[in-house]
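Engineer: Questions regarding the structure given below will be posed in turn.
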Amino acid sequence: MNQEHGKANVALRKKRLILTIGLSLIASGLIIGIPVGLVSNLSVSKDPLFDVQKQANSISSISLKSDIVENNGDYFSLKSKLFESDGTKKSGINLTDFFDFYAENSNSNFEIVDFQNDFQWQKFKLNITDIEALDQEQSFKIYWRVLQNLDDGKVANSDLHSATVAYNRLSSLSNSSLSNFTSLAKVELSNLRPYLIAEFDKSPTRQIAKLTTVSEFLTKVNSAKSALEASKIISQYFNLESTITNLLRNKINKFVDDDNFAKNKYSIELIQEPVLKNAYLSKTPLKNIYRAYFLAKFSDDFAKHNNQDLKSSANFNFAVDLDFSNTFLDGSLANDIELSPFSDSDFTNFSDIHEQSNEKITSWELLNYLKNQVFPSYEEKQAFYKNLLNQISNVPLLSKIKLKNYISRLRNSDLFSKIKIDFNVNPEMTQFALENNKVVTQFHGNIEIYNEKDEIIAQKPFVQNVGDYSVLVKNIPDLSSKVKAVNFEFNQKDAQISERNPIPKEEIQKLVTSGDFTKLKSILENPHYYGVKFDEEKLKLLVQKYDLIPVNELISRSRWTFTYPEEVAGIVNILSPVFPSQEEMLRFYATLAKNDTAFVAKYFFDWLKGLKLIDPAQSWPENLDSLNLFKELAKIKIEDKTGFDNFLQTKDKEAKKDIWLVSINNNYWAEKDRMPYSFYLHPRLKNIIDLMVQNEQNTINIDYYVDQIKSESSKIQEIDPTIGDQYRSPIKTLTDFIVAFYQNVYSNKTGLLSEPLGNNFDYKINFEITSPIATTTQFEDDEISSRSAISGFNFARQSQSASTSQASDSQPTKQVEPDPKVNLKYWYEVGPVDRNGKIISVIYKTQPKEINISTDKNGIIIPEEIEKLNNFVDNFRTTTLPTYLDNDYFNDLWTNINRLVGDKEEYVDITDLIKQFPMYSYFSLHYPELGLAVKKDAVKKPVEPAPAESTETVVASEPAPPAPTAPAAPAPAPAEPAPKELAPTAPQTPSSNGELAGVYENYPGIDTIKVLHFYVYNKKNPKEFSTKKLKFFVYKTDKSLLNS
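So for the sequence shown, this note's numbering puts the first residue at 28; every next one is plus one.
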């Protein structure tokens, strides 16, 4: 038996067996050292003293080496090797050869410290300074410290520690036997699991971990008054009791006593964390990993059987890490729940068929209605959408929920006694989607799981598509009329045309016939050809995301002071580039209004205060709530606090009106009959405001007031007669202003749509050629006048004909037929688009408009490569790349450009002059494939009267050859086909005001800024230049800011 234990102990030493245990705190074969000085819970430091203290404190236990015990039959045999007969210590003995020191490793296991090979210990040494023999206890008391030799020859020493180490005979109670058992126990206990569904019936005390939060479980366990009680609590949720029972029941863990009965050799019990002793179960730094602490020891029966004092036998503390992932009630429960989509039968309305057809609504009508609803609070908006989704089918939304995995096998009584399932809808994400080639309304929201405390434990996003609204119309009888009352008005303005270089009629016909409307629109919009400006502002709002501008940014981009007539009239007109169009302004109103009323009020308070329409010293009221909001805001005055004085004449002072109208960007001029873009108070709302202010008991909620505003505002006529002088109500307080804002929003019947329709929705233009306008016969001089303004390409030809005509008075006047005009009808279609950008299904179609454009049989379409360069120019933000030059550098730049360009009419490379400019460094770094060049504009000489022959000669000849380019310049290439000129051009020279047309010019009104123009070309094809120019701003300053 001893021989077997000896071999086991040798193997332990050779393999440095990692003990998966903590070592006991009881006086035994392994005794924890008690430090004389304690240093703990410190962060890592470069201080050597701190390092040795930290290492010393990490020593948890000390024992006699197994081979020392093996080679010494009893305590006194070992003592004789350490001490003389008179009790003095023997000299020349290395005490570290007799003892093993244990420390916890990174895996929370305990192992013997290897000072020579362990990286963390190599720079440290162990010094056992003294030893005492305790014969009565058959133990040894040692004193030890950790030290480190430093580079400067000094030694860092830890505090002195002491430990009492007992001698144990090698027997069935050996450390290796118990360590093997604890290794097995740790493996088994690491696999604790919650109970299976079938196991709950075996005990009424068992609890469902999946319906309990981990925090609740930890609190129960660690609040236990004893280890036994804590074990019972854990056993309510996990198979702890059966795991320990099965472990001890194993034959290898049994022994046969003197009466021939098989009994347990070991025992295991739950203990508190060994150091702090404050928890049986604790959280580790790893996600979802928790640690339980156990004590393994020999059983009382086994100790007695071996005549061993239990107090001196080995005891091992060990920790078990438990993975609680997907075990307790947490966000992972969402993985066990899914929401099935509505089926066709869910939308079947079994009401009268005629009734259904009369009340039918479309996805477009419903979404337009939803996006135009304004609510006093976000919560009310959510409730509205939630109710809508519950009413939209024959079955409640929650009936579509399916349970999966573990919880699907639980009894409903058990499941829903612990949790509650509900849902919410995200109104902002409600949008269109395409399902089976049909446009449907897509609702987004979250399934929410609540615990017993009504706290949200888990959420799972859901999407439900709805394309049939017959059940919804049945469940909400007045919905159809409400939906159809909200119109999406798209009063498209006529397109504006600025013709320059018309193209042949055949090109237009070809593009229309082929359906290449995108290219045709691009040509029409190109200022080189027609410069058409289509009115698409409101269409863009349908497909582009819109975010409410932060109020601080709005303040910085707004300005206001009374003009003389506006002060007299009582009109506040705020100017801001944030609202480039009326549609953009309406969308701002709608986006702001979808927030709760308190947010809207604070937003306007900050804005008006920033504009000094509210006293800058005024602070936002405290302790506002839904009952006193309007009453408190009525104490905040709207008045002019700018300090600006228009010095009104006496008669105007007498005629001066109170502020009654707040407008933006002069929109009060837009419509005199209703003011849809401005704020004013209708007389209908006066009683509501009085009620807000006089609400002494603060018993009326915001919701009531907003509902009243909504009800009264909806009755305001399209042409409002109350705008007349005799009806105007002043806007004196912030409450007045907010009521006016909501009146504006609720009375607007044009469809606001504050959010885009959905993903992959767009609008596309369509064209159709209608009957062309009949051309009229004109005389040649009339032809010259009309066509020269349209096309530079025809200028030479027309002039030649005119000259010929003027040369012979005797010849009859020759009539020519002008190029025909083309009448294009166009309209827009809105809907989902495929991968190629084509409309799949049309949900909205605008009323058609027409434009009448000229054509030119000699016109030429700019090549695609040049168009790409032009697009680059359009999208490049040059304003963010200014150049700053001192006075000398500033003046030298223009002199050197004049010298390089000279009389050249070609493209000229001036890179050497600008290569240190930050703008050029940025351009060349990000666009190395592109180059920059300048080219001055040519100026035509006045044509002197000349005989017909002379004129014909000039026209028949080719233009003068271009001047040679500078060596550094790119190869010359005209941006467009050069027309034949009536007369040669004169070289452009710098003007007296310091400009070179086409190359650089003065910034209007500021003599310290010039604008430098560049054409762009592709270095792979340096003969093709953009027809548009980049422009960079050059500032004259005190100091040049250049790159080295």
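From the three backbone atoms N, C-alpha and C, an ideal C-beta is built for every residue, glycine too. None of these values were measured; they are calculated from a predicted model.
1. So, at 6 Å on beta carbons, what are the nonlocal neighbours of residue 171 in its own chain, with the 5 sequence-adjacent residues on each side left out?
2. Would the region 472–492 count as touching the region 355–362 if we require 3 or more Cβ pairs under 8 Å?
3. Taking its Cβ as the centre, do 16 or more other Cβ atoms sit within 10 Å of residue 90, making it buried, or is it exposed?
4. Is residue 1042 closer than 8 Å to residue 934 when the C-beta atoms are compared?
5. Terminal residues of the continuous alpha helix (DSSP H) containing residue 244?
6. Give the list of continuous beta strand (DSSP E) stretches no shorter than 3 residues that lie fully inside the region 418–478.
7. Looking at residue 412: is its Cβ nearer than 8 Å to the Cβ of residue 454?
8. Going along the chain, which residues of its own chain have a beta-carbon closer than 6 Å to the beta-carbon of residue 332, five neighbours each way excluded?
9. The beta strand (DSSP E) with residue 157 in it runs from where to where?
10. Tell me whether residue 586 sits in a helix, a strand or coil according to DSSP, three-state version.
11. So the beta strand (DSSP E) residue 7 belongs to, where does it begin and stop?
12. DSSP three-state call for residue 932: helix, strand or coil?
13. Got a sec? Which residues, its chain only, sit under 7 Å from residue 15 by beta carbon, not counting five neighbours each side?
14. How would you label residue 572, buried or exposed, when you count the other beta carbons within 10 angstroms and need 16 or more for buried?
15. Which first and last residues belong to the alpha helix (DSSP H) in which residue 82 is found?
16. From 845, 621 and 921, pick the residue whose C-alpha is nearest to that of residue 1028; which is it?
17. Would you please state the rounded distance, in angstroms, between the beta carbons of residue 395 and residue 350? I believe it to be under 8 Å.
18. Measure the CB-CB distance between residue 722 and residue 658 and report whether it falls below 8 Å.
19. Would you kindly work out how many angstroms separate the C-alpha atoms of residue 672 and residue 685, rounded to a whole number?
20. Assign residue 289 to buried or exposed, taking buried as 16 or more other Cβ atoms, counted over all protein chains shown, within 10 Å of its Cβ.
21. If you draw a straight line from the C-alpha of residue 361 to the C-alpha of residue 476, how long is it?
22. Would you kindly work out how many angstroms separate the C-alpha atoms of residue 607 and residue 851, rounded to a whole number?
23. Given residue 604, which residues of its chain have a CB within under 7 Å of its CB, disregarding the five upstream and five downstream residues?
24. Quick one: measure Cβ to Cβ for residue 221 and residue 264, integer angstroms, because I've assumed they're closer than 8 Å.
25. Counting pairs of Cβ atoms below 8 Å between the region 497–505 and the region 265–273, do you hit three or more?
26. If you draw a straight line from the C-alpha of residue 869 to the C-alpha of residue 895, how long is it?
27. Decide if residue 674 is buried, meaning its Cβ has at least 16 other Cβ atoms within 10 Å, or exposed.
28. Are there 16 or more other CB atoms within 10 angstroms of the CB of residue 425, so buried, or fewer, so exposed?
29. On the three-state DSSP scale, how would you describe residue 696?
30. Could you give the distance in angstroms between the alpha-carbon of residue 914 and the alpha-carbon of residue 962?
31. Between residue 428 and the ligand ADP, is there a pair consisting of the residue's CB and a ligand heavy atom that are separated by less than 7 Å?
32. Just to confirm my understanding: we take residue 742, look at its own chain, exclude 5 residues before and 5 after, and list those with CB closer than 8 Å. What are they?
33. Along the alpha helix (DSSP H) that carries residue 125, what are the first and last residues, could you check?
34. With three or more C-beta pairs closer than 8 Å as the rule, is the region 295–305 touching the region 316–329?
35. Taking residue 637 as part of the beta strand (DSSP E), name the residues at either end of that continuous run.
36. Please report the residue range of the alpha helix (DSSP H) in which residue 1054 lies.
Structural biologist: Let me lay it out:
1. Your numbering for residue 171 matches position 144 in the sequence shown. Sequence-distant partners of residue 171 (beyond 5 residues in either direction) whose C-beta falls short of 6 Å from its own C-beta, in its chain, are 155 and 188.
2. Yes: the two stretches touch, three or more of their Cβ pairs being nearer than 8 Å.
3. The residue labelled residue 90 in the question sits at position 63 within the sequence shown. The residue in question, residue 90, is buried, as its Cβ has 16 or more Cβ neighbours within 10 Å.
4. Taking the first residue of the sequence shown as 1, we reach residue 934 at position 907. Taking the first residue of the sequence shown as 1, we reach residue 1042 at position 1015. Between residue 934 and residue 1042, the CB-CB gap stays under 8 Å.
5. Reading the sequence shown from its first residue, position 217 is the one you call residue 244. Element bounds for residue 244: 241–249.
6. As far as the region 418–478 is concerned, its whole beta strand (DSSP E) runs of at least 3 residues are 428–430, 447–452, 458–462 and 465–477.
7. Along the sequence shown, read from residue 1 onward, the residue named residue 412 stands at position 385. Along the sequence shown, read from residue 1 onward, the residue named residue 454 stands at position 427. It is a contact, given that the beta carbons lie within the stated cut-off.
8. Taking the sequence shown and counting its residues from 1, one reaches residue 332 at position 305. Excluding residues within five positions, the ones whose Cβ falls inside 6 Å are 284.
9. Against the sequence shown, residue 157 aligns to sequence position 130. Where residue 157 is concerned, the enclosing beta strand (DSSP E) stretches over 152–161.
10. Start at 1 with the first residue of the sequence shown, and residue 586 comes out as number 559. Strand.
11. The chain is shown only over 28 to 1071; residue 7 falls outside these bounds and no answer can be derived.
12. Residue numbering aside, residue 932 sits at position 905 when the sequence shown is read from its first letter. In the displayed model, residue 932 falls within coil according to three-state DSSP, outside both helix and strand.
13. Given that the chain is displayed from residue 28 to residue 1071, the structure contains no residue 15 and the question cannot be resolved.
14. Position 545 of the sequence shown, counted from the first residue, corresponds to residue 572. By the Cβ neighbour-count rule, residue 572 is exposed, with fewer than 16 other Cβ atoms within 10 Å of its own.
15. Numbered from 1 along the sequence shown, position 55 holds the residue referred to as residue 82. Residues 75–85.
16. Counted from its first residue, the sequence shown places residue 1028 at position 1001. Of the candidates 845, 621 and 921, the one whose C-alpha sits nearest the C-alpha of residue 1028 is 921.
17. Position 368 of the sequence shown, counting from 1, holds the residue named residue 395. Position 323 of the sequence shown, counting from 1, holds the residue named residue 350. About 52 Å; that fails the 8 Å criterion.
18. Walking along the sequence shown from the start, residue 722 turns up at place 695. Walking along the sequence shown from the start, residue 658 turns up at place 631. A contact, by the Cβ cut-off of 8 Å.
19. Here residue 672 corresponds to residue number 645 of the sequence shown, with the count starting at 1. Here residue 685 corresponds to residue number 658 of the sequence shown, with the count starting at 1. Approximately 16 Å between the Cα atoms of the pair.
20. In the sequence shown, counting from the first residue as 1, residue 289 sits at position 262. Residue 289 is exposed by the Cβ-count criterion.
21. On the sequence shown, position 334 is the one that residue 361 refers to. On the sequence shown, position 449 is the one that residue 476 refers to. The straight-line gap from Cα to Cα measures roughly 8 Å.
22. Translated into positions along the sequence shown, residue 607 becomes position 580. Translated into positions along the sequence shown, residue 851 becomes position 824. In a straight line, the C-alpha of residue 607 is about 28 Å away from that of residue 851.
23. Sequence index remark: in the sequence shown, residue 604 carries index 577 (1-based). Annotation for residue 604: 584 place their beta carbon closer than 7 Å to its own, counting only its chain and skipping 5 residues before and after.
24. If you number the sequence shown from 1, residue 221 lands on position 194. If you number the sequence shown from 1, residue 264 lands on position 237. With a contact defined as Cβ atoms closer than 8 Å, residue 221 and residue 264 qualify at about 6 Å.
25. No, the region 497–505 does not touch the region 265–273.
26. Counting from 1 along the sequence shown, the entry for residue 869 is found at position 842. Counting from 1 along the sequence shown, the entry for residue 895 is found at position 868. Rounded to the nearest angstrom, the two C-alpha atoms are 31 Å apart.
27. Within the sequence shown, numbered from 1, the residue matching residue 674 stands at position 647. Classification of residue 674: exposed, given that the 10 Å Cβ count is below 16.
28. Counting from 1 along the sequence shown, the entry for residue 425 is found at position 398. Exposed is the call here.
29. For this step, residue 696 is matched to residue 669 along the sequence shown. Three-state result, residue 696: helix.
30. As a working note, residue 914 is residue 887 in the sequence shown. As a working note, residue 962 is residue 935 in the sequence shown. One C-alpha to the other measures close to 25 Å.
31. This structure simply doesn't include the ligand ADP, nor any ligand for that matter.
32. Working through the sequence shown from its first residue, we reach residue 742 at position 715. Cβ-Cβ distances below 8 Å link residue 742 to 711 in the same chain, with the five nearest sequence neighbours on each side left out; the list follows chain order.
33. For the purposes of this step, residue 125 is taken as the residue at position 98 of the sequence shown. Per DSSP, residue 125 belongs to no alpha helix (DSSP H) and is neither H nor E.
34. The region 316–329 makes contact with the region 295–305, as at least three CB pairs between them are under 8 Å.
35. On the sequence shown, position 610 is the one that residue 637 refers to. Segment 624–637 is the alpha helix (DSSP H) holding residue 637; no beta strand (DSSP E) there.
36. For the purposes of this step, residue 1054 is taken as residue 1027 along the sequence shown, with counting starting at 1. Not the alpha helix (DSSP H): residue 1054 falls in the beta strand (DSSP E), residues 1048–1063.
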